[in-house]
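Asker: My questions will all concern the structure given below.
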Amino acid sequence: AIIGLNQALRQNANQQQLYDFMTGTLQGKIVYELLTFRGNHKPNGCPFLPQLLPEGATRLAVGHTPSDSVRLLCSQNFLALDSALGRWFRNSGNDYCPGHRHQTS
Numbered sequence: 581a582i583i584g585l586n587q588a589l590r591q592n593a594n595q596q597q598l599y600d601f602m603t604g605t606l607q608g609k610i611v612y613e614l615l616t617f618r619g620n621h622k623p624n625g626c627p628f629l630p631q632l633l634p635e636g637a638t639r640l641a642v643g644h645t646p647s648d649s650v651r652l653l654c655s656q657n658f659l660a661l662d663s664a665l666g667r668w669f670r671n672s673g674n675d676y677c678p679g680h681r682h683q684t685s
């Protein structure tokens, strides 16, 4: 099922088709829900985590979840990560997660 969703998204991931795909097709609505689901970030979300994992997977890592640190939830099987934690991002002017900066000529 995931392979089919990935293929459908790839086929429609362009400016002309993406909106119609995401709002007008069942596959698009499923992809949108997967991309925007925030239920596992809530205390009562952990019981649903096993249903989201493909066979053989034991953990789920998601990005674009701003915070000062990585959050491990659901018995450390749900990882909330963010690119803002990276040194490059901090050093490039991100005030949310400041890092050490130095100016070069």
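If you read the sequence shown in this note's numbering, its first letter stands for residue 581, the second for the next number, and so on.
For every residue, glycine included, the Cβ atom is placed at its ideal position computed from N, Cα and C.
If you're wondering where the values come from, they're calculated on a predicted model, not measured in any experiment.
For Gly643, count the other beta carbons within 10 Å of its own beta carbon; 16 or more makes it buried, fewer makes it exposed. Which is it?
Answerer: Position 63 of the sequence shown, counting from 1, holds the residue named residue 643. By the neighbour-count rule (16 or more Cβ atoms within 10 Å), Gly643 is not buried but exposed.
Asker: In the DSSP assignment, find the beta strand (DSSP E) that holds Val611 and state where it starts and stops.
Answerer: Locating residue 611 in the sequence shown gives position 31, counting from the first residue. Taken as a continuous stretch (DSSP letters only), Val611 belongs to no beta strand (DSSP E), being part of the alpha helix (DSSP H) at 606-616.
Asker: According to DSSP, is Gly679 helix, strand or coil?
Answerer: Translated into the one-based positions of the sequence shown, residue 679 becomes position 99. Summary for Gly679: the model assigns pLDDT 49, below 50, so the residue's position carries little reliability; its value from the coordinates is reported in the next sentence. In the structure shown, Gly679 sits in coil (DSSP, three-state: anything other than H, G, I, E or B).
Asker: Could you give the first and the last residue of the continuous alpha helix (DSSP H) run that contains Leu585?
Answerer: Residue mapping note: residue 585 aligns to position 5 of the sequence shown, counting from 1. Start and end: 582-592.
Asker: Give the DSSP-derived three-state secondary structure of Leu633 in the structure shown.
Answerer: For this step, residue 633 is matched to residue 53 along the sequence shown. In the structure shown, Leu633 sits in coil (DSSP, three-state: anything other than H, G, I, E or B).
Asker: Please report the straight-line C-alpha distance between Gly679 and Thr605, rounded to a whole angstrom.
Answerer: For the purposes of this step, residue 679 is identified with residue 99 of the sequence shown, where counting begins at 1. For the purposes of this step, residue 605 is identified with residue 25 of the sequence shown, where counting begins at 1. The predicted position of Gly679 is uncertain, since its pLDDT is 49 and thus under 50; no value can be drawn from it.
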